[in-house]
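Report on the structure given below.
Number of protein chains: 2
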Amino acid sequence: MPERTELRLTPQRGAVLEVLKAADDHPTAAEVYERVRVAAPGIGSATVYRALALLVSTGHALELSLGDGTAARYDANTSRHDHAVCERCGRAVDIDQPVPDGMVAEIARRSGFTITGYDLQFRGLCPECQSGGAGQGPGRRQ
Amino acid sequence: MPERTELRLTPQRGAVLEVLKAADDHPTAAEVYERVRVAAPGIGSATVYRALALLVSTGHALELSLGDGTAARYDANTSRHDHAVCERCGRAVDIDQPVPDGMVAEIARRSGFTITGYDLQFRGLCPECQSGGAGQGPGRRQ
DNA sequence: CGTGATACTGATACTCGTTCTCAACGATTG
DNA sequence: CAATCGTTGAGAACGAGTATCAGTATCACG
Ligand SMILES: [Zn+2]
Ligand SMILES: [Zn+2]
Ligand SMILES: [Zn+2]
Ligand SMILES: [Zn+2]
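Line by line, the protein sequences are chains A and B. Each residue of the first sequence is one higher than the one before, counting from 44 in the numbering used here. Each residue of the second sequence is one higher than the one before, counting from 44 in the numbering used here.
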């Protein structure tokens, strides 16, 4: 007798999760949809959006706003980490260096806020876009 | 012979700028539109969007993505600063404590990125929402 | 002034990412 | 098998932002 239907792993949801786990590039919902259609050809976009929301709400994925005006991206790496986003090709890489606790405490003290978390995105040029004049083409946006 | 028409301060643009300067709550474009209609009743929303984009591109205002999925907000305070956003009422207050240079340098070294800037948003509860159970009502979103 | 060139405006149509609605489907239980 | 209920896919709906376009204001110049 299941008191709570935690997360029924339907084929569609499994496929979405697989795509997320296999991705290392923080795809948008639209990109997840594109990729998941290989494994689940008939899947509808609404189902992908619903699956992503479900995975986020159950802690199996993170939803990222990279602050560059682009759509939200999804990340199967649910440990606390930040990102550096290339302004040219849109690539987002993981940054595993947290803000010092002292700084957070100081900001809480000064602002009166109870700080429950933060989001930090660095902007710049990725190594590829610095060297190769063309890099690998302007990927996303801008 | 004016070689470049820099920025013609039309009544509409002036009104938008006044609204921005008077605001201390980082309004969205829609909110700016609402407010500016008091001073410029016939103004169209497209004009507000155009004025905001112009102000941003000429350095008279900043466009903020607060990472909470809500629309972009605008800020007449163009000096470098970050924000703390209340998860309950949506209020965004200024934070004037930059990330230590050493941390940025370390991240640039590790990631190989050339870091040109960053965006940092703290999440939490504002003083009003901590105490007053009701605060001033759930303002924006969530 | 009048004239044309150019910038700006407001209404509206449009785009596009995301959410909603709903009928059909499928798993589960008894 | 029948009843239940969560899930699905199609498509409609939504909303922020953008593009289009005809009309208007501004300006330089004669
Ligand atoms: Zn790049
Ligand atoms: Zn990541
Ligand atoms: Zn609050
Ligand atoms: Zn600010």
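The beta-carbon is built from N, C-alpha and C at its ideal position, and this holds for glycine as well. Treat the numbers as computed from the prediction; the structure is a model and nothing was measured.
Not one beta carbon of chain B lies nearer than 8 Å to the beta carbon of residue 144 (chain A). The closest CA to that of residue 62 (chain A), considering only A:158, A:118, A:124, is found on A:118.
Looking only at B:70, B:132, B:96, the smallest Cα-Cα distance to residue 174 (chain B) is reached by B:132.
For the stretch 161–174 of chain B, the beta-carbon criterion of a distance under 8 Å to any beta-carbon of chain A is satisfied by 161, 162, 163, 164, 165, 166, 167, 168, 169, 170, 173. Runs of the alpha helix (DSSP H) spanning 4 or more residues and lying entirely within the stretch 97–158 of chain B occur at 144–154, in chain order. At least 8 Å separates the CB of residue 87 (chain B) from every CB of chain A. Only residues of its own chain outside the window of five on either side were considered, and among them 161, 163 have a CB closer than 7 Å to the CB of residue 142 (chain A), listed in chain order.
Ranked by Cα distance from residue 171 (chain B), the options A:58, A:167, A:155 are led by A:155.
Applying a distance threshold of 6 Å between residue Cβ atoms and the heavy atoms of ligand 4 selects B:69, B:118, B:120, B:124, B:126, B:137, given in chain order. In the same chain as residue 134 (chain A), and ignoring 5 residues on each side of it, the C-beta atoms closer than 6 Å to its own belong to 169, in chain order. As computed with DSSP, residue 166 (chain A) is found in a beta bridge with A:128, B:160. In the structure shown, residue 71 (chain B) falls within a strand segment according to DSSP collapsed to helix, strand and coil. Between the stretch 70–81 of chain A and the stretch 138–152 of chain A, the count of Cβ pairs shorter than 8 Å is below three; the stretches do not touch. When Cβ pairs closer than 8 Å are counted between the two stretches, the stretch 103–123 of chain A is seen not to touch the stretch 76–89 of chain A, the count staying below three. Note on residue 56 (chain B): 16 or more other CB atoms within 10 angstroms of its CB, so buried under the neighbour-count rule.
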